[in-house]
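Going by numbering that gives the first Met the number 0, the sequence shown opens with residue 0, and the numbers climb by one from there.
The C-beta atom is built at its ideal place from N, Cα and C for all residues, glycine as well.
In this text, all values refer to a predicted model and were calculated from it rather than measured experimentally.
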Amino acid sequence: MAELAAEAGITVRTLRFYRERKLIPPPRREGRIAWYNEHHLARLRSISALLERGHTLGGITELLAAFESGRDVGELLGLDATFVTPWSDETPVRLTPEELADHYSGDVTAENLAASLDIGYLAVDGDEFVHTSRRLLDASTTLVARGIPLAAVLEAGRAVRTHADAVAAIASTLIRTHLVGPPTGTPPTPQDIDHLTHTIEELHPVCLLYTSDAADDLTRLQS
């Protein structure tokens with residue numbers, strides 16, 4: 000282990016941490032002896048390179064898992080919170096229960112709350128709610144103020160989200176088929192990881208143009 004850490008330019012403690020986080024595959028064991036090979040060294044060098052580019056360990060874990068599990072590239076294109084780069088321009092809004100009720104003129108029922116949480120518009124953080132989008136909050140508030148029941152607004156939002164997911168799936172398939180390729184089942188090389196990282200960084204804004212239509216459609220209902 001010490002030899003591998005030295006070759007990768009990290010400490011043994013860091014290597015143990017990576018192993019505990021499952022960032023590197025387990026070594027081959029013969030009795031009490033653990034054997035590491037060139038694949039482990041390549042993985043460690045890839046991790047170091049991604050860290051230098053500003054990615055978090057959580058984001059790196061997602062990238063590596065994509066190769067090993069065949070995860071849809073669309074999931075990676077949606078990792079706004081995992082990577083350092085702030086790709087999304089949506090602004091979350093923190094609200095107390097009272098503030099949330101004020102936004103919707105007392106139309107906040109248990110059923111509407113459950114629907115908002117299920118769709119993903121709202122999340123609970125301690126004693127507060129977090130709405131994922133300022134512009135969607137403003138749009139839905141305006142619709143309710145004009146007399147549309149919140150339940151109907153949420154039903155429309157769920158339908159729009161379904162269509163947006165379908166569009167995202169089409170874009171994901173396009174990218175997977177023509178740019179990323181199918182999973183190989185073999186450990187990724189540093190070049191593989193660098194290729195996928197560049198693909199995600201370059202195409203994420205393009206995919207947002209597809210999926211952001213969901214929010215735009217709901218906003219246009221105001222008029």
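_Rounded to the nearest angstrom, what separates residue 15 and residue 96 at their Cα positions?_
For residue 15 and residue 96, the distance between alpha carbons rounds to 44 angstroms.
*Is it buried or exposed for residue 3, if we count other Cβ within 10 angstroms and need 16 for buried?*
With 16 or more other Cβ atoms from the protein chains shown falling within 10 Å of its own Cβ, residue 3 counts as buried.
*asked:* So, at 6 angstroms on beta carbons, what are the nonlocal neighbours of residue 1 in its own chain, with the 5 sequence-adjacent residues on each side left out?
replied: Beyond the five residues adjoining it in sequence on each side, residue 1 comes within less than 6 angstroms, by CB distance, of 11 in the same chain, given in chain order.
*Does the Cβ of residue 104 have 16 or more other Cβ atoms within 10 Å, making it buried, or fewer, making it exposed?*
It is exposed - the Cβ of residue 104 has fewer than 16 other Cβ atoms within 10 Å.
*Can you tell me the Cα-Cα spacing of residue 223 and residue 17, whole angstroms?*
Any property of residue 223 remains undetermined from this structure, which presents the chain solely from 0 to 222.
*In three-state terms, what does DSSP make of residue 137?*
Of the three classes helix, strand and coil, the one that applies to residue 137 here is helix, per DSSP.
*Measure the CB-CB distance between residue 27 and residue 34 and report whether it falls below 8 angstroms.*
In this structure, residue 27 places its C-beta atom within 8 angstroms of the C-beta atom of residue 34.
*So what does DSSP say about residue 267, is it helix, strand or coil?*
Within the shown structure, residues of the chain are numbered from 0 to 222, placing residue 267 beyond reach of any answer.
*Residues near residue 111 in its chain [Cβ-Cβ closer than 7 angstroms; skip 5 each side]*: Apart from the 5 residues on each side of it in sequence, residue 111 sits with its Cβ closer than 7 angstroms to the Cβ of 149, 150, 153 in its chain, given in chain order.
*Check whether the Cβ atoms of residue 120 and residue 108 lie closer than 8 angstroms to each other.*
No. Outside cutoff.
*asked:* Measuring straight from C-alpha to C-alpha, what distance separates residue 127 and residue 98?
replied: Rounded to the nearest whole angstrom, the C-alpha separation of residue 127 and residue 98 is 10 angstroms.
*Tell me residue 101's beta-bridge partners as DSSP assigns them.*
According to DSSP, which records beta bridges pairwise, residue 101 is partnered with nothing at all.
*Measure the alpha-carbon distance for residue 91 versus residue 129 and round it to whole angstroms.*
Residue 91 and residue 129: Cα-Cα distance of roughly 6 angstroms.
*Using the beta-carbon count (16 or more within 10 Å), is residue 80 buried or exposed?*
In this prediction, residue 80 has a pLDDT of 34, which is less than 50 and means its spatial position is unreliable; nothing more can be read from the coordinates.
_For residue 143, which residues in the same chain have their Cβ closer than 7 angstroms to its Cβ, ignoring the five residues on either side in sequence?_
Only 103, 104, 106, 149, 152 meet the Cβ criterion.
*asked:* In the DSSP assignment, the alpha helix (DSSP H) including residue 94 goes from what residue to what residue?
replied: Per DSSP, residue 94 belongs to no alpha helix (DSSP H); it is in the beta strand (DSSP E), 92–94.
_Cutting at 7 angstroms between CB atoms, please list the residues of its own chain near residue 40, excluding the five before and the five after it._
Around residue 40: 3, 6, 7.
*Grab me the residues of residue 123's own chain with a C-beta within less than 8 angstroms of its C-beta, minus the 5 sequence neighbours each way, in chain order.*
Counting only Cβ-Cβ distances below 8 angstroms, and skipping sequence neighbours, we find 116, 129.
_Does residue 42 pass the burial test, meaning 16 or more other C-beta atoms within 10 Å, or should it be called exposed?_
So residue 42 ends up on the buried side.
*What whole-angstrom Cβ distance do residue 157 and residue 118 have, given they're in contact under 8 angstroms?*
With 8 angstroms as the limit, residue 157 and residue 118 qualify as a contact, their Cβ atoms being about 5 angstroms apart.
*So, residue 46 versus residue 32, is the Cβ gap smaller than 8 angstroms?*
No, Cβ-Cβ distance for residue 46 and residue 32 is not below 8 angstroms.
*Smallest Cα separation from residue 136: which of 100, 37, 29?*
Closest by alpha carbon: 100.
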